[in-house]
Amino acid sequence: MPSDDSPIDRVNAALPQTQCTKCGYPGCLPYARAMVMDGEAINRCPPGGQEGVRTLARILGREELPLDTDCGKHLPLQRAVIDEEHCIGCTLCIQACPVDAIVGANKFMHTVLADVCTGCDLCVAPCPVDCITMVPAGHDWTAQLAAQARTNYEHRQKRLDVTHHETLSAAARTLANKPVLSATASNEAIKQETIARALARARSRRHGTQS
Ligand code: SF4
Ligand code: SF4
Ligand code: SF4
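Residue numbers for the sequence shown follow my numbering, beginning at 120 and rising by one.
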């Protein structure tokens, strides 16, 4: 995580924080990092528009470029709305939302928290019953909303990191137990072989008695 006054953080702070991934990066911070570290183009953020490109040009001391519309157009802010009658409660939208703007539980209807939604539209495509639509938000994106979205995104990333580490720890525990599991499996194999041999001896004794 960059420090508060690092170049990456200064660039990240100038980005809109919708976390929409339209720049081709999985969030605003990775795009900021790519601009500072790898010289990535400064015109790939549609939510920031031309004004955002100008700000980035100033911070990074680069020439202003026209917004790259291959990444998307600069549109008025939207927000997601779920048609709760048709929602099947699959939770796919919750998993897609980068800022935890959707609440709901498995097999229960889901709802978008309008004041948390960044309008990124990442929840729309995963919905299997197409019950999420984007509608005009009716207000502009502000610096305060961007700061809140950044905090929500960072909380979510931390939570996902913890889950990821827990999964890795579980995998590591399984690997650590592997010799024990292998020994158990091999003991079981020896036991089965011993039983098979004993049965074979019994069969041959019986056969010998009968002959
Ligand atoms: S707002 Fe979207 S396009 Fe702009 S930097 Fe953030 S993730 Fe990328
Ligand atoms: S609810 Fe949908 S549009 Fe709103 S922030 Fe979450 S993923 Fe983006
Ligand atoms: S993805 Fe669609 S159906 Fe699934 S919980 Fe979200 S809104 Fe409901």
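Note that beta-carbon positions come from the ideal geometry of N, C-alpha and C, so glycine has one too.
Any non-hydrogen atom of ligand 3 closer than 6 Å to residue i Cβ
{"i": "Asp243", "result": "Per the sequence shown, residue 243 should be read as Val rather than Asp. Result no, Cβ not under 6 Å from ligand 3."}
Heavy atom of ligand 1 within 6 Å of residue i beta-carbon
{"i": "Tyr272", "result": "no"}
{"i": "Thr261", "result": "no"}
{"i": "Cys164", "result": "yes"}
{"i": "Cys216", "result": "no"}
{"i": "Lys277", "result": "no"}
{"i": "Thr282", "result": "no"}
{"i": "Thr188", "result": "no"}
{"i": "Lys192", "result": "no"}
{"i": "Pro135", "result": "yes"}
{"i": "Gln138", "result": "yes"}
{"i": "Lys141", "result": "yes"}
Cβ distance (whole Å) where residue i is taken to contact residue j below 8 Å
{"i": "Ala268", "j": "Thr237", "result": "5 Å"}
{"i": "Val130", "j": "Leu175", "result": "7 Å"}
{"i": "Pro245", "j": "Cys212", "result": "6 Å"}
{"i": "Val172", "j": "Pro126", "result": "With a Cβ gap of about 17 Å, Val172 and Pro126 do not count as contacting."}
{"i": "Val235", "j": "Asp219", "result": "7 Å"}
{"i": "Ile201", "j": "Ile251", "result": "5 Å"}
{"i": "Ala215", "j": "Leu241", "result": "5 Å"}
{"i": "Leu194", "j": "Cys164", "result": "Actually they do not touch by this definition, with Cβ atoms about 13 Å apart."}
{"i": "His258", "j": "Leu196", "result": "7 Å"}
Contact test: residue i Cβ vs ligand 2 heavy atom, cutoff 6 Å
{"i": "Thr237", "result": "yes"}
{"i": "Val231", "result": "yes"}
{"i": "Asp240", "result": "yes"}
{"i": "Ala199", "result": "yes"}
C-beta neighbour in chain C for residue i, strict 7 Å
{"i": "Glu182", "result": "No chain C appears in the structure shown, which is made up of a single protein chain."}
Would you list the residues whose beta-carbon is nearer than 7 Å to any heavy atom of ligand 3, in the order they occur in the chain? Ile201, Cys206, Ile207, Gly208, Cys209, Thr210, Leu211, Cys212, Ile213, Ile221, Gly223, Met228, His229, Cys242, Pro245, Cys246, Pro247, Val248, Cys250, Ile251
Could you name each continuous alpha helix (DSSP H) segment of 4 residues or more that falls completely within the segment 154-211, going from the start of the chain to the end? Runs of the alpha helix (DSSP H) inside the segment 154-211: 168-179.
Count Cβ pairs between the segment 218-228 and the segment 174-193 that sit closer than 8 Å; are there 3 or more? no
Does the pairing of the segment 136-145 with the segment 168-183 give three or more beta-carbon distances under 8 Å? no
Could I get the ranges of all uninterrupted beta strand (DSSP E) runs contained in the segment 256-290, with 3 residues as the minimum, in chain order? none
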